[in-house]
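Residue numbers (our numbering): 110 to 618. From the three backbone atoms N, C-alpha and C, an ideal C-beta is built for every residue, glycine too. Below is one structure; the comments refer to it alone.
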Amino acid sequence: MAQAIETLPDDPNELKAMLLAERARNERLVQIIKEMQRHRFGRRAETLPEDQMLLALEEVEQTEAGAAAATEAKSAAEREKAARKRRTNRGALPAHLPRIETIVDIDEKACPCCKGALHRIGEDVSERLDVVPAQFRVLVTRRPKYGCRACEGAIVQAPAPARLIEGGLPTEATVAHVLVSKYADHLPLYRQAQIYARQGIALDRSTLADWVGRAAWHLRPVHERLLEHIRSSTKIFADETRAPVLDPGRGRTKTGQLWAYARDDRPWGGADPPIAVYVYAQNRKSEQPLTHIAGFTGVVQVDGYAGYRALAQKNSVSLAFCWSHVRRRFYELAAAGPAPIASEALARIGALYAIESDIKGRSPDDRRAARQEKSRPILDALEPWLREKLALISQKTKLAEAIRYALSRWDGLTRFIDDGRIEIDSNIVERAIRPIALNRKNALFAGSDGGAENWAIVASLIETCKLNGVDPMAYMADVLAKIDGHLASKIDELMPWAYAQPVALKDVA
Numbered sequence: 110m111a112q113a114i115e116t117l118p119d120d121p122n123e124l125k126a127m128l129l130a131e132r133a134r135n136e137r138l139v140q141i142i143k144e145m146q147r148h149r150f151g152r153r154a155e156t157l158p159e160d161q162m163l164l165a166l167e168e169v170e171q172t173e174a175g176a177a178a179a180t181e182a183k184s185a186a187e188r189e190k191a192a193r194k195r196r197t198n199r200g201a202l203p204a205h206l207p208r209i210e211t212i213v214d215i216d217e218k219a220c221p222c223c224k225g226a227l228h229r230i231g232e233d234v235s236e237r238l239d240v241v242p243a244q245f246r247v248l249v250t251r252r253p254k255y256g257c258r259a260c261e262g263a264i265v266q267a268p269a270p271a272r273l274i275e276g277g278l279p280t281e282a283t284v285a286h287v288l289v290s291k292y293a294d295h296l297p298l299y300r301q302a303q304i305y306a307r308q309g310i311a312l313d314r315s316t317l318a319d320w321v322g323r324a325a326w327h328l329r330p331v332h333e334r335l336l337e338h339i340r341s342s343t344k345i346f347a348d349e350t351r352a353p354v355l356d357p358g359r360g361r362t363k364t365g366q367l368w369a370y371a372r373d374d375r376p377w378g379g380a381d382p383p384i385a386v387y388v389y390a391q392n393r394k395s396e397q398p399l400t401h402i403a404g405f406t407g408v409v410q411v412d413g414y415a416g417y418r419a420l421a422q423k424n425s426v427s428l429a430f431c432w433s434h435v436r437r438r439f440y441e442l443a444a445a446g447p448a449p450i451a452s453e454a455l456a457r458i459g460a461l462y463a464i465e466s467d468i469k470g471r472s473p474d475d476r477r478a479a480r481q482e483k484s485r486p487i488l489d490a491l492e493p494w495l496r497e498k499l500a501l502i503s504q505k506t507k508l509a510e511a512i513r514y515a516l517s518r519w520d521g522l523t524r525f526i527d528d529g530r531i532e533i534d535s536n537i538v539e540r541a542i543r544p545i546a547l548n549r550k551n552a553l554f555a556g557s558d559g560g561a562e563n564w565a566i567v568a569s570l571i572e573t574c575k576l577n578g579v580d581p582m583a584y585m586a587d588v589l590a591k592i593d594g595h596l597a598s599k600i601d602e603l604m605p606w607a608y609a610q611p612v613a614l615k616d617v618a
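Following this line, the structure appears as structure tokens:
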């Protein structure tokens, strides 16, 4: 007890109340400590992240392959057996890859038995995947000049082709490669400069930064058009994540925000193409989404952040909340040790997710009907159960916080029951946030507010390409080559989904 013995009350009831309050306080402190330990030393997701699972699997497969190689080295029969298995399972290499053929023939065309002439009766063909390291080349443009011998008064020459960066070294494909490497493959510019240096190309990091900045400026109209498509939708997702930005005046970084807005109607068969668009802002205040999606009418699916409530105050916008965030709070309690109420809550929420798994891809009407029949009874029973349990426990515990989190957002959490277009959670936009987190981890921070805006522009196009099955490199190279002379009225021709068919980079001989 924190108090001295002489200060304790003599009344047994008062003493009992103090002991109960102290116990609740200690339980809460233990929960906080366990949560901090999991945050510091344990995994943070409700399930083991896929990349971590694959990492562990890779180690097992590598060890197994090493043992198999040792066995095959000792036995010709084992080598042949393994070769047959690989030939059966490997599949065919893509037809569009160039083939470099090598003929391995015999030296002597005479029969080893009778010395008669051998004739060809067939062949065995095998294919192996080869790689040629990235190769730089120099495109040389010559523009002959012509003069007139008769008058010597005119010099005629073809105009110089337009360039993305006038007087600069790179082609549009080179700039696209830098953009994709930085924002899709998470390679900071200084690392790219090191890669180029290994091939004898001396490109300073500041030169690469100049290319990125200029390309992002050209791509701004495409980014703005993506945002217009988001505003014209009727159902979107929203989330935000921090974006550290260098603050030279203070000699450290400041915390900006990258707001993410996504549309993905594929789970209910919608015809509109999926979009993920990011907008940089210097803060996390509620006026940011009001500005970004001004004019939007419909449903916005979000986590529990209070900053989105300003959207709900508009008569044209409804908020749908995320069950994944509710489930996460109960999971943290159940993972820390025996927690019957949290475990029961997880089981009931799991039943909702099982229903969603069964109806994924069906029409909005079918989804709504299934939810009305199967999910509504679960939710109708869950709310009073949560209120009953809340009345029985200390209001200062993490469990009480988790229950209050759900109950205070109940209308938004149950909105998906009556609308087949709404998802049970906002995982779609959370997945769109992950590449931002990876880039943040590798690059640490943006160099300025302008750099963070460039980050938002290019990352929007890359992530939307990925959602639509479009190669970001081919897309970016083509758009950068076209954007300068493109009519604003035809900007939709440059949207990523307009490139849904594979776009090959032009081969300039």
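Check: Among PRO118, ARG258, CYS257 and GLY322, which one has its Cα closest to the Cα of ASN563?
Finding: What you label residue 563 is simply residue 454 of the sequence shown in a count that begins at 1. For ASN563, the nearest C-alpha among the options comes from GLY322.
Note to self: Here's a check: name, in chain order, each residue in its chain whose Cβ is nearer than 6 Å to the Cβ of LEU336, leaving out the five neighbours to either side.
What the structure shows: On the sequence shown, residue 336 is found 227 positions in, with the first residue counted as 1. Closer than 6 Å at Cβ, skipping near neighbours: VAL386.
Item checked: Among ALA347, THR280, ARG334 and GLU349, the one whose alpha carbon lies nearest that of LEU317 -> As a working mapping, residue 317 is identified with position 208 in the sequence shown. Cα-wise, what sits closest to LEU317 is THR280.
Checklist line | Pairwise C-alpha distance: GLU236 and ASP348 | finding: Here residue 348 refers to the residue found at position 239 of the sequence shown. Here residue 236 refers to the residue found at position 127 of the sequence shown. Computed Cα separation, rounded: 47 Å.
Notebook entry, point to check: Can you check whether the CB of ILE526 is closer than 8 Å to the CB of GLN481?
Noted result: The sequence position of residue 481 within the sequence shown is 372, counting from 1. The sequence position of residue 526 within the sequence shown is 417, counting from 1. Taking 8 Å as the Cβ cut-off, GLN481 and ILE526 qualify as a contacting pair.
Margin query: According to DSSP, is GLN610 part of a helix, a strand, or is it coil?
Written below: What you label residue 610 is simply residue 501 of the sequence shown in a count that begins at 1. If DSSP states are grouped into helix, strand and coil, GLN610 belongs with coil.
Margin query: Please report the straight-line C-alpha distance between PRO118 and MET127, rounded to a whole angstrom.
Written below: Position 9 of the sequence shown holds residue 118. Position 18 of the sequence shown holds residue 127. PRO118 and MET127: Cα-Cα distance of roughly 9 Å.
Checklist line | Beta-carbon proximity of VAL567 to PRO605, cut-off 8 Å | finding: To locate residue 567, count along the sequence shown from 1; it is residue 458. To locate residue 605, count along the sequence shown from 1; it is residue 496. Not in contact: VAL567 and PRO605 (Cβ atoms no closer than 8 Å).
Note to self: Using 8 Å for Cβ pairs, my map puts GLN410 next to GLU532. What's the rounded Cβ distance?
What the structure shows: Stepping through the sequence shown from its first residue, residue 410 is reached at position 301. Stepping through the sequence shown from its first residue, residue 532 is reached at position 423. At roughly 6 Å, the Cβ-Cβ gap stays under 8 Å, so GLN410 and GLU532 are in contact.
Item checked: DSSP three-state assignment for ALA490, whether helix, strand or coil -> Taking the sequence shown and counting its residues from 1, one reaches residue 490 at position 381. Helix.
Notebook entry, point to check: Mind checking whether ASP558 and GLN391 have CB atoms under 8 Å apart?
Noted result: As a first step, residue 558 must be located in the sequence shown, where it is residue number 449. As a first step, residue 391 must be located in the sequence shown, where it is residue number 282. Yes. Within cutoff.
Notebook entry, point to check: Within this structure, are the beta carbons of GLY521 and PHE405 separated by less than 8 Å?
Noted result: Numbered from 1 along the sequence shown, position 412 holds the residue referred to as residue 521. Numbered from 1 along the sequence shown, position 296 holds the residue referred to as residue 405. Taking 8 Å as the Cβ cut-off, GLY521 and PHE405 do not qualify as a contacting pair.
Item checked: Start-to-end residues for the beta strand (DSSP E) that takes in LYS254 -> Here the question's residue 254 lines up with position 145 in the sequence shown. Unbroken beta strand (DSSP E) run through LYS254: 254-256.
Next item on the list: Count the C-beta pairs between the stretch 363-375 and the stretch 298-315 that are closer than 8 Å, then say yes if the count reaches three, no if not.
Entry: no
Next item on the list: Indicate the three-state DSSP secondary structure (helix, strand or coil) for LEU128 in the structure shown.
Entry: Here residue 128 corresponds to residue number 19 of the sequence shown, with the count starting at 1. Helix.
Item checked: Enclosing alpha helix (DSSP H) for ALA419 [first to last residue] -> As a position in the sequence shown, residue 419 is number 310, starting the count at 1. Run containing ALA419: 418-421, per the alpha helix (DSSP H) assignment.
Margin query: So, with DSSP's three-state summary, where would you put ARG153?
Written below: Along the sequence shown, read from residue 1 onward, the residue named residue 153 stands at position 44. Confidence is the limiting factor: at ARG153 the pLDDT is only 48, short of 50, which leaves the residue's position unreliable, though a coordinate-based value still follows. Three-state result, ARG153: coil.
Check: Since ALA479 contacts ILE468 with CB under 8 Å, what's their CB separation in whole angstroms?
Finding: Working through the sequence shown from its first residue, we reach residue 479 at position 370. Working through the sequence shown from its first residue, we reach residue 468 at position 359. Their Cβ separation, rounded to whole angstroms, is 5 Å, which keeps ALA479 and ILE468 in contact under 8 Å.
Check: For GLU572 versus ALA597, is the C-beta spacing smaller than 8 Å?
Finding: Position 463 of the sequence shown, counted from the start, is the residue given in the question as residue 572. Position 488 of the sequence shown, counted from the start, is the residue given in the question as residue 597. No, they are not a contact pair.
Notebook entry, point to check: I think ARG471 touches ILE402, with their Cβ atoms under 8 Å apart; what is that distance to the nearest whole Å?
Noted result: As a position in the sequence shown, residue 471 is number 362, starting the count at 1. As a position in the sequence shown, residue 402 is number 293, starting the count at 1. In fact, because the Cβ distance is near 28 Å, the residues do not count as touching under 8 Å.
Margin query: So for VAL241, helix, strand or coil by DSSP?
Written below: Position 132 of the sequence shown holds residue 241. Three-state DSSP puts VAL241 in coil, outside helix and strand.
Notebook entry, point to check: When you compare each of LYS591, LYS599, TYR440 and LYS575 to ALA609 by their alpha carbons, which one comes out closest?
Noted result: What you label residue 609 is simply residue 500 of the sequence shown in a count that begins at 1. Looking at the Cα atoms, LYS575 is the closest of the given residues.
Notebook entry, point to check: Looking only at DSSP bridge pairs, what is GLU349 linked to?
Noted result: Residue 349 sits at position 240 when you count from the first residue of the sequence shown. Answer by DSSP bridge pairing, in chain order: TRP368.
Next item on the list: Along the beta strand (DSSP E) that carries GLN410, what are the first and last residues, could you check?
Entry: Looking up residue 410 in the sequence shown gives position 301. Segment 407-410, the beta strand (DSSP E) holding GLN410.
Item checked: ALA293 and PRO473 closer than 8 Å at C-beta -> The residue labelled residue 293 in the question sits at position 184 within the sequence shown. The residue labelled residue 473 in the question sits at position 364 within the sequence shown. No, these two residues do not count as a Cβ contact at 8 Å.
Next item on the list: Report the rounded CA-to-CA distance for ALA607 versus SER503, giving the unit in angstroms.
Entry: Here residue 607 refers to the residue found at position 498 of the sequence shown. Here residue 503 refers to the residue found at position 394 of the sequence shown. Rounded to whole angstroms, ALA607 to SER503 spans 56 Å at the Cα level.
Checklist line | For LEU273 and HIS327, believed in contact at Cβ under 8 Å, the rounded distance | finding: As a first step, residue 327 is located in the sequence shown; it is residue number 218 there, counting from the start. As a first step, residue 273 is located in the sequence shown; it is residue number 164 there, counting from the start. Contact flag correct, Cβ pair sits at about 7 Å.
Next item on the list: To the nearest angstrom, report how far apart TRP494 and LEU296 are at their CA atoms.
Entry: Indexing the sequence shown from 1 puts residue 494 at position 385. Indexing the sequence shown from 1 puts residue 296 at position 187. For TRP494 and LEU296, the distance between alpha carbons rounds to 50 Å.
Margin query: Give me the residue from ALA226, ASP214 and VAL240 with the minimum Cα distance to ARG208.
Written below: For this step, residue 208 is matched to residue 99 along the sequence shown. Closest by alpha carbon: VAL240.
Note to self: Can you check which of these residues, LYS599, ALA590, GLU602 and ASP601, is closest to GLU275 by C-alpha distance?
What the structure shows: As a working mapping, residue 275 is identified with position 166 in the sequence shown. Closest option to GLU275, Cα to Cα, is ALA590.
Notebook entry, point to check: Is it right to say PRO270 is buried, meaning 16 or more other beta carbons lie within 10 angstroms of its own, or is it exposed?
Noted result: In the sequence shown, counting from the first residue as 1, residue 270 sits at position 161. Label assigned to PRO270: exposed.
Notebook entry, point to check: Tell me which same chain residues have a C-beta within less than 6 Å of the C-beta of TYR462, skipping the five on either side of it?
Noted result: Taking the first residue of the sequence shown as 1, we reach residue 462 at position 353. Contacts found: none.
Next item on the list: Could you pull out every residue in the same chain whose Cβ sits closer than 6 Å to the Cβ of ILE464, ignoring the five residues on either side in sequence?
Entry: Your numbering for residue 464 matches position 355 in the sequence shown. LYS483 and SER484, listed in sequence order.
Next item on the list: Measure the alpha-carbon distance for ALA443 versus THR400 and round it to whole angstroms.
Entry: The residue given as residue 443 occupies position 334 in the sequence shown. The residue given as residue 400 occupies position 291 in the sequence shown. Distance between the alpha carbons of ALA443 and THR400 is about 40 Å.
Check: Buried or exposed: which applies to HIS338, given that a residue is buried once 16 or more other Cβ atoms fall within 10 Å of its Cβ?
Finding: If you number the sequence shown from 1, residue 338 lands on position 229. Buried.
Check: Can you tell which of LEU501, ASP120, ALA324 and LEU508 has the C-alpha that lies nearest to the C-alpha of PRO447?
Finding: Along the sequence shown, read from residue 1 onward, the residue named residue 447 stands at position 338. Minimum Cα distance to PRO447 is reached at LEU508.
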